[in-house]
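Trainee:
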Amino acid sequence: MERRSVQKKDLLSTPVVPIDIKAFDAGPILEAMGKTAFQARNLHRAAEIYLEMLEDDCAVILTLAGSLVSAGQGLIVHDLIRKGLVDVIVATGANIVDQDFFEALGHRHYQGDPRADDEALRRLWIDRIYDTYIDEEEL
Numbered sequence: 003m004e005r006r007s008v009q010k011k012d013l014l015s016t017p018v019v020p021i022d023i024k025a026f027d028a029g030p031i032l033e034a035m036g037k038t039a040f041q042a043r044n045l046h047r048a049a050e051i052y053l054e055m056l057e058d059d060c061a062v063i064l065t066l067a068g069s070l071v072s073a074g075q076g077l078i079v080h081d082l083i084r085k086g087l088v089d090v091i092v093a094t095g096a097n098i099v100d101q102d103f104f105e106a107l108g109h110r111h112y113q114g115d116p117r118a119d120d121e122a123l124r125r126l127w128i129d130r131i132y133d134t135y136i137d138e139e140e141l
């Protein structure tokens, strides 16, 4: 049986879709998490602290690290800024300069596989950021 080689168009076929936090109400799930344990309960507590900060008119500093934009989290940050829910952002250059600028130019990040053969991806001119891909020819 002949094995078909992986094509670039196949690997770049499923775009990462940003999360739209305006599309749902996270309140009920966060409340339910407060009655659980481990990190779910910690997330509930973090949400409570954040609400207290907003009520007390505290300065909210959002620190970002990692590949948030390529992972589909950029719209969340955008919405927090537009709604005035953060006052200061401290971020790595990769989030602001590379990834956000890349998408602002109309390019996409695609769902990938963290176990992909990096040599095979290199031959196809595909860059991998953990489990996301970008078309290197668009850089």
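Under our numbering, think of the first position of the sequence shown as 3, with each following residue one higher.
Even for Gly, the Cβ is constructed at its ideal location relative to N, Cα and C.
Keep in mind that this is a model prediction, so the values were computed, not measured.
(1) Tell me, please, which residues DSSP counts as bridged to Val92.
(2) Going by the DSSP bridge assignment, what does Tyr112 pair with across the sheet?
(3) Can you give the Cα-Cα distance for Ala39 and Gly29, rounded to whole angstroms?
(4) Which residues mark the beginning and the end of the alpha helix (DSSP H) in which Ile31 is found?
(5) Within 10 angstroms of its Cβ, does Gln9 collect 16 or more other Cβ (buried), or is it exposed?
(6) Nearest-angstrom Cα distance between Arg43 and Leu126?
(7) Would you say Leu64 and Ile21 are within 7 Å of each other, going by their C-beta atoms?
(8) Are the CB atoms of Asp81 and Ile23 within a distance shorter than 7 Å?
(9) Is the separation between the beta-carbon of Val62 and that of Asp100 shorter than 7 Å?
(10) Apply the 10 Å Cβ neighbour rule to Tyr135 and answer buried if 16 or more other Cβ atoms are within range, or exposed otherwise.
Mentor: The structure says:
(1) Beta-bridge partners assigned by DSSP to Val92: Thr65.
(2) According to DSSP, Tyr112 bridges with Pro17, Tyr135.
(3) If I take the Cα positions, the gap works out to 17 Å.
(4) Its alpha helix (DSSP H) spans residues 29–35.
(5) Classification of Gln9: exposed, given that the 10 Å Cβ count is below 16.
(6) Distance between the alpha carbons of Arg43 and Leu126 is about 44 Å.
(7) Not closer than 7 Å, so no.
(8) Annotated as proximal: Ile23 and Asp81, with beta-carbon spacing under 7 Å.
(9) The beta carbons of Val62 and Asp100 sit no closer together than 7 Å.
(10) It counts as buried.
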